[in-house]
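A.B. asks: Sharing a structure below in structure tokens format, with a few things to ask.
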Amino acid sequence: MLYHVRMDVRIPHDMDPEVKADLVAREKAYAQEVQRSGRWPHLWRIVGEYANVSIFDVESNQALHDLLSGLPLFPYMDIAVTPLATHPSSISS
-19 MLYHVRMDVR IPHDMDPEVK ADLVAREKAY AQEVQRSGRW PHLWRIVGEY ANVSIFDVES
41 NQALHDLLSG LPLFPYMDIA VTPLATHPSS ISS
């Protein structure tokens, strides 16, 4: 199943810089691992915002929830999920 996911990151401004650096490094490593697995085929930054839009390809709603909640930045994100379906006019599948 494909999902369009927008993630807005809201790290507290008063977070210790070392804690933040570690959190961001762990986030990057986790995200790259999921991308390599094929479950996160598209990741785009939204210009001018600490946010991204992504396409996830996972087997279920629960699988997506598990993947997203495993993100180290998950507690600091506002996330909007839109399930996607094939459009009848699309020439690609």
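In the numbering used here, the protein residues as written are -19 to 73.
In this text, a Cβ means the ideal position worked out from N, Cα and C, and glycines have one as well.
1. Given a threshold of 16 other Cβ atoms within 10 Å of its Cβ, counted over all protein chains shown, does residue 20 qualify as buried or as exposed?
2. So what's residue -4 in DSSP terms, helix, strand or just coil?
3. Which of the three DSSP states, helix, strand or coil, is assigned to residue 51?
4. Once DSSP output is grouped into helix, strand and coil, what is the label at residue 67?
5. State the CB to CB distance for the pair residue 55 and residue 10, rounded to an integer number of angstroms; the pair is presumed to be in contact (CB under 8 angstroms).
C.D. replies: On the basis of the coordinates in this document:
1. For the purposes of this step, residue 20 is identified with residue 40 of the sequence shown, where counting begins at 1. Buried is the call here.
2. As a working mapping, residue -4 is identified with position 16 in the sequence shown. Looking at residue -4 - three-state DSSP - the assignment turns out to be coil, as it is neither helix nor strand.
3. To locate residue 51, count along the sequence shown from 1; it is residue 71. DSSP places residue 51 in coil when its eight states are reduced to three.
4. Taking the sequence shown and counting its residues from 1, one reaches residue 67 at position 87. Reduced to three states, the DSSP call for residue 67 is coil.
5. Within the sequence shown, residue 55 is the residue found at index 75, counting from 1. Within the sequence shown, residue 10 is the residue found at index 30, counting from 1. Not confirmed; about 14 angstroms, so no contact.
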